[in-house]
Amino acid sequence: MAVYAYVAAKTDHALSIIDVTDPANPTFKGVIKGIHSPNWLYGPRHVHVVGNYAYVVAYEEYALSIIDVTDPANPTFKGVIKGKDAEPWLAGAVGVQVVGNYAYVTASLDNALSIIDVTDPANPTFKGVIRGGGAEPWLYVTAEVHVVGNYAYVAAFSDDALSIIDVTDPANPTFKGVIRGGGAEPWLDGAAGVHVVGNYAYVAAQWEHSLSIID
Numbered sequence: 001m002a003v004y005a006y007v008a009a010k011t012d013h014a015l016s017i018i019d020v021t022d023p024a025n026p027t028f029k030g031v032i033k034g035i036h037s038p039n040w041l042y043g044p045r046h047v048h049v050v051g052n053y054a055y056v057v058a059y060e061e062y063a064l065s066i067i068d069v070t071d072p073a074n075p076t077f078k079g080v081i082k083g084k085d086a087e088p089w090l091a092g093a094v095g096v097q098v099v100g101n102y103a104y105v106t107a108s109l110d111n112a113l114s115i116i117d118v119t120d121p122a123n124p125t126f127k128g129v130i131r132g133g134g135a136e137p138w139l140y141v142t143a144e145v146h147v148v149g150n151y152a153y154v155a156a157f158s159d160d161a162l163s164i165i166d167v168t169d170p171a172n173p174t175f176k177g178v179i180r181g182g183g184a185e186p187w188l189d190g191a192a193g194v195h196v197v198g199n200y201a202y203v204a205a206q207w208e209h210s211l212s213i214i215d
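Residue numbers for the sequence shown follow UniProt numbering, beginning at 1 and rising by one.
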């Protein structure tokens with residue numbers, strides 16, 4: 001069975017699919033690209049693949065674009081949700097993770113974690129949002145997000161923070177807790193990436209040139 005890597009290419013405005021069945025010899029398989037209509041892939045920053053769909057956040061489109069990758073050689077556009085400064089709060093979309101029927105999208109220019117219902121991939125709809133920086137919920141210039149159970153762990157680049165959001169009710173996400181600070185412990189200046197395994201969050205901080213491990 002073939003194994004594929006799905007790559008969001010920012011300046012090619014593309015989702016490229018690479019056959020990595022043989023890791024020593026990766027080969028090109030397919031691509032979908034183009035700014036604005038019909039594919040809405042202007043400046044893609046992150047992709048998450050679940051089943052037959054690739055969920056791509058496009059920074060310059062203020063969009064979550066959904067691509068059907070059933071045929072990796074011929075990916076096709078399925079649906080989109082877009083907009084800034086109001087619902088669905090997707091300005092500067094940079095991170096996405098899909099869990100169940102929901103896509104959790106970080107929007108750096110809206111300082112937001114936006115939750116999108118993707119039950120119908122052809123018609124994604126806004127479900128809920130939590131936003132604001134410089135104080136609770138500490139989401140100033142959101143970067144990556146990782147969802148585990150009822151919590152979303154969000155790296156906030158300009159708040160130098162790992163902010164934890166309770167997403168038990170996707171229509172009403174709420175602030176749960178934060179750890180923040182740069183130049184000393186917890187070394188989170190420019191927090192940009194986050195991944196949670198077990199009881200630990202692993203946070204990459206750009207300006208600290210560091211990986212911090214948070215209990």
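Beta carbons are placed, not taken as given, at the ideal position from N, Cα and C, and that holds for glycine.
Quick caveat, the model's predicted, so the values are computed rather than measured.
Nearest to Asp159 by C-alpha distance, out of Gly30, Ile32 and Gly183, is Gly183.
Tyr202: member of the beta strand (DSSP E) spanning Tyr200 to Ala205, first to last residue. Residue environment analysis places Val3 among the exposed positions, since fewer than 16 neighbouring C-beta atoms fall within 10 angstroms of its C-beta.
Just measuring C-alpha positions, the residue of Asp189, Ala103 and Thr168 sitting nearest Ala155 is Asp189.
In chain order, Tyr6 place their CB closer than 6 Å to the CB of Val49, counting only its own chain and leaving out the 5 sequence neighbours on each side. Around the beta carbon of Asp110, a 10 Å sphere encloses 16 or more other beta carbons of the protein chains shown; the residue is thus reported as buried. Spanning the alpha carbons of Tyr202 and Thr70 requires a straight line of approximately 32 Å. Sequence-distant Cβ neighbours of Pro26 in its own chain, meaning closer than 8 Å and more than five residues away, are Ala5, Ile18, Asp19 and Val20. Contact between Val129 and Ala103 is ruled out by a C-beta separation of about 12 Å, above the 8 Å threshold. A Cβ-Cβ contact shorter than 8 Å links Val96 with Val105. For the pair Pro137 and Trp187, the Cα-to-Cα distance works out to about 19 Å. Judged by their CB atoms, Leu90 and Ala73 are not nearer to each other than the 8 Å cut-off. Where His195 is concerned, the enclosing beta strand (DSSP E) starts and stops at Ala191 to Val197. For Ser114, the enclosing beta strand (DSSP E) starts and ends at Ala112 to Asp117.
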